[in-house]
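Mind the numbering: the sequence shown is residues 4 to 335 in the numbering used here, read in order.
Quick reminder that beta carbons are idealized off the backbone N, C-alpha and C, glycines included.
What you are looking at is a predicted structure, and each value in this text was computed from that prediction instead of being measured.
Read through the structure below, which is laid out as structure tokens, and then see the notes.
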Amino acid sequence: MSRPYFTRDRISHFDNFARHADIAISKLFSRLAEPNSPAVDFQDLAARFTLDSGTEFLFGRDARSLDASLPYPHREPADNSASFAAAFSRAQGQVMNRFGLAMFWPWVELFWDRTAEDMKVINAYVTPILRKKLEKGPDIESKPTNEGDRDGDTLLDHLVKFTQDESVIKDEIINILVAARDTTATTLTFAVYILAEHPAIMKRLRDEIIGRLGTSNHPTSDDLKEMKYLRAVINETLRLFPAVPVNVRAAAKSTVLQTNGKRYYVPAGTRMTWSTLMMHRRKDLWGPDADDFDPNRWLDDRLKKYVTPNPFIFLPFNAGPRICLGQQFAYK
Numbered sequence: 004m005s006r007p008y009f010t011r012d013r014i015s016h017f018d019n020f021a022r023h024a025d026i027a028i029s030k031l032f033s034r035l036a037e038p039n040s041p042a043v044d045f046q047d048l049a050a051r052f053t054l055d056s057g058t059e060f061l062f063g064r065d066a067r068s069l070d071a072s073l074p075y076p077h078r079e080p081a082d083n084s085a086s087f088a089a090a091f092s093r094a095q096g097q098v099m100n101r102f103g104l105a106m107f108w109p110w111v112e113l114f115w116d117r118t119a120e121d122m123k124v125i126n127a128y129v130t131p132i133l134r135k136k137l138e139k140g141p142d143i144e145s146k147p148t149n150e151g152d153r154d155g156d157t158l159l160d161h162l163v164k165f166t167q168d169e170s171v172i173k174d175e176i177i178n179i180l181v182a183a184r185d186t187t188a189t190t191l192t193f194a195v196y197i198l199a200e201h202p203a204i205m206k207r208l209r210d211e212i213i214g215r216l217g218t219s220n221h222p223t224s225d226d227l228k229e230m231k232y233l234r235a236v237i238n239e240t241l242r243l244f245p246a247v248p249v250n251v252r253a254a255a256k257s258t259v260l261q262t263n264g265k266r267y268y269v270p271a272g273t274r275m276t277w278s279t280l281m282m283h284r285r286k287d288l289w290g291p292d293a294d295d296f297d298p299n300r301w302l303d304d305r306l307k308k309y310v311t312p313n314p315f316i317f318l319p320f321n322a323g324p325r326i327c328l329g330q331q332f333a334y335k
């Protein structure tokens, strides 16, 4: 239902991302300009950027989590304007705890749903937006509101054309927002971290970006296509630090897996856990330097030697009919 919305044409609309990136960078510089240059939690900043740009892109309303002050080391922000963002993060944390408990989590929460209070905050934010769209109906022209948000060209507008079921639409939007926020924020954080460890690579990347865009222009889709080293850095970050390091799939039918000369029977319905993180670091798939951060592997002969003949060794977005529908969204 959502996949047709994520077209290349729509994802090439950069104003939303550029505007929120400018806000995030401004917050970063303001904090670093304070006395003693206090540390900045970059992952928190990246999560706010992805949440605000994601909420505007998906349902036309900026969550404005970047409006809240950044936390200082060992302290939480006092500004409660980010209450939706805070509730969103806490609810996600509880869901991850449930994964750790596996089938036992319903028993742990038999008398108390640990996400209930945070879901009240999330629903109080999302439900009025959703109901307003449902009242207007699907035929809405794309136009900015007085608050700078957009009507008519969001995932929410797209979903309203398919169904009027409030519960289905809400679940779809929140599901995609969870995926968009955490994965993008995690990748941005790892990219900054690994570039800080490799100043020569960072300099080459900076030179390419400034050479193409100067110091103040925002990139277009054509710019991104031409910046080959930028794409290589992104791919190498996704290889070593995939945002979803472990995944689970159920066998659709009984089959036999062969590995290291051995055969393993897998009955239909069996849940199989596999690690993208480990697969992306296997020397038999990527060569002896598989553990090294080297964007050049996406530009030199190693690309043809390892990736081209076997593209499924690189699966940060999964593959096949269940491939991440936000893949192009992430690369842009």
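Less than 7 angstroms divides the Cβ of Val269 from the Cβ of Ala254. Asp65 places its beta carbon less than 7 angstroms from that of Thr58. With the rule of 3 Cβ pairs closer than 8 angstroms, the stretch 239 to 255 counts as touching the stretch 183 to 203. Inter-segment contact for the stretch 108 to 125 and the stretch 211 to 227 is absent: fewer than three beta-carbon pairs are separated by less than 8 angstroms. Between Pro38 and Tyr75, the CB-CB gap reaches or exceeds 7 angstroms.
In the three-state reduction of the DSSP assignment, Val249 falls in the strand class. For Pro319 against Thr279, the beta-carbon gap comes to about 7 angstroms, under 8 angstroms, which counts as contact.
The beta carbon of Ala88 sits closer than 7 angstroms to the beta carbons of Arg51, Leu54, Ala66, Ser68 from its chain, once the five residues preceding and following it are set aside; these are given in chain order. Around Thr273, the same chain offers Ala253, Ala254 as residues with beta carbons nearer than 8 angstroms, after the five sequence neighbours per side are excluded.
Cβ-Cβ distances below 6 angstroms link Trp301 to Ala235, Asn238 in the same chain, with the five nearest sequence neighbours on each side left out; the list follows chain order. Counting only the Cα atoms, Thr130 lies some 18 angstroms from Phe165.
Listed as beta-bridge partners of Lys164 by DSSP are no residues whatsoever.
Note on the stretch 210 to 295: whole beta strand (DSSP E) runs with a minimum of 3 residues are 249 to 253, 258 to 262, 265 to 269, 274 to 278, in chain order. Put simply, the backbone Cα of Asp160 is about 42 angstroms away from that of Lys206.
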